[in-house]
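Numbering (this note's numbering), first residue to last: 966 to 1283.
Beta carbons: idealized from backbone N, C-alpha and C, even for Gly.
Keep in mind it's a predicted model, so treat the numbers as computed, not measured.
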């Protein structure tokens, strides 16, 4: 993280000075109304804003609470300890914790050098993010859709251990910088930055812990990761040993969760990537066919036409 940003966030705030003088007694009126356990976006975001950030308040124990917004916590230095839906989450430097408004959170006191940023996001901010992500099934997309619901869905929180993923760290630095600058010109940039951030997070299923005790959710996280990383030649049987279950059980879970088979999910991923290559490169169609995992050009041609209602060459011309 840029040192200038760290220096801007490190000083003890007026709220924290009061906490130190009063042995960590948090003033709930700063965050909620009438001692409610729901932290209110209207208390923390200026009117008209869909996203903003504030430095996490140190030295205080935050009892169990929920939010009426989506919260993304990014650890700049040190660590913080959270209980989210009864699960302990230790958030270390460079890691991300995403929570929708249905998650119940408790936070233990942070020390002076435990610097975190709380990014507060109203659900309507995600309209453009969903467009950026497209309609492919993924744990990130499921999380965002759950954020838009009035009741809890599959996944209430995601914990990403991504301290060593440089593009994600760069995007977080860019996002925090623009939020701190608080310029109107950055607002559209912020949506694009978060969209890019989520596209990178899609590929980090090995670094992801999901806020769900459901075996089916854990299966789907692995399936989405397999599709994202190995859509060209990934086999569902590769997951059986890792998940300690059989192929038919995994297949039934996929069908129940997505209304599609694994073959259909893989096919959708391959054809969309083929469409991307047709649009953005001059690769011959036969090379694209091979690049996305098809050895039979006639079969690829048929699948592509069924999906997009035009041939690959016609799609490129359009």
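Using the rule of at least 16 other Cβ atoms within 10 Å of the residue's Cβ for burial, across every protein chain shown, is residue i buried or exposed?
| i | result |
| --- | --- |
| residue 1203 | exposed |
| residue 1154 | exposed |
| residue 990 | exposed |
| residue 988 | exposed |
| residue 1013 | exposed |
| residue 1031 | buried |
| residue 1158 | buried |
| residue 1065 | buried |
| residue 1141 | buried |
| residue 1259 | buried |
| residue 1234 | buried |
| residue 1132 | exposed |
Opposite residue i in the DSSP bridges: which residues?
| i | result |
| --- | --- |
| residue 1123 | 1063, 1175 |
| residue 1049 | 1052, 1070 |
| residue 1081 | 1040 |
| residue 1017 | 1085 |
| residue 1057 | 1044 |
| residue 1035 | 1086 |
Are the beta-carbon atoms belonging to residue i and residue j less than 7 Å from one another?
| i | j | result |
| --- | --- | --- |
| residue 1084 | residue 1037 | yes |
| residue 1165 | residue 1054 | no |
| residue 1051 | residue 1079 | no |
| residue 1016 | residue 966 | no |
| residue 1087 | residue 1034 | yes |
| residue 1018 | residue 1162 | no |
| residue 1227 | residue 1201 | yes |
| residue 1236 | residue 1269 | yes |
| residue 1289 | residue 1025 | One cannot answer for residue 1289 here, as it falls past the ends of the chain, which runs 966 to 1283. |
Assuming the contact rule is C-beta atoms closer than 8 Å, residue i and residue j should be a hit. Round their C-beta distance to whole Å, please.
| i | j | result |
| --- | --- | --- |
| residue 1175 | residue 1120 | 5 Å |
| residue 1122 | residue 1062 | 7 Å |
| residue 1196 | residue 1231 | 6 Å |
Worksheet item: Hey, is the stretch 1039-1047 in contact with the stretch 1069-1078, meaning 3+ C-beta pairs nearer than 8 Å?
Response: yes
Worksheet item: Do the stretch 1181-1190 and the stretch 1083-1098 make contact, defined as three or more Cβ pairs closer than 8 Å?
Response: no
Worksheet item: Is there contact here, the stretch 1164-1173 with the stretch 1185-1197, by at least three beta-carbon pairs under 8 Å?
Response: yes
Worksheet item: Are three or more beta carbon pairs between the stretch 1234-1243 and the stretch 1208-1216 nearer than 8 Å?
Response: no
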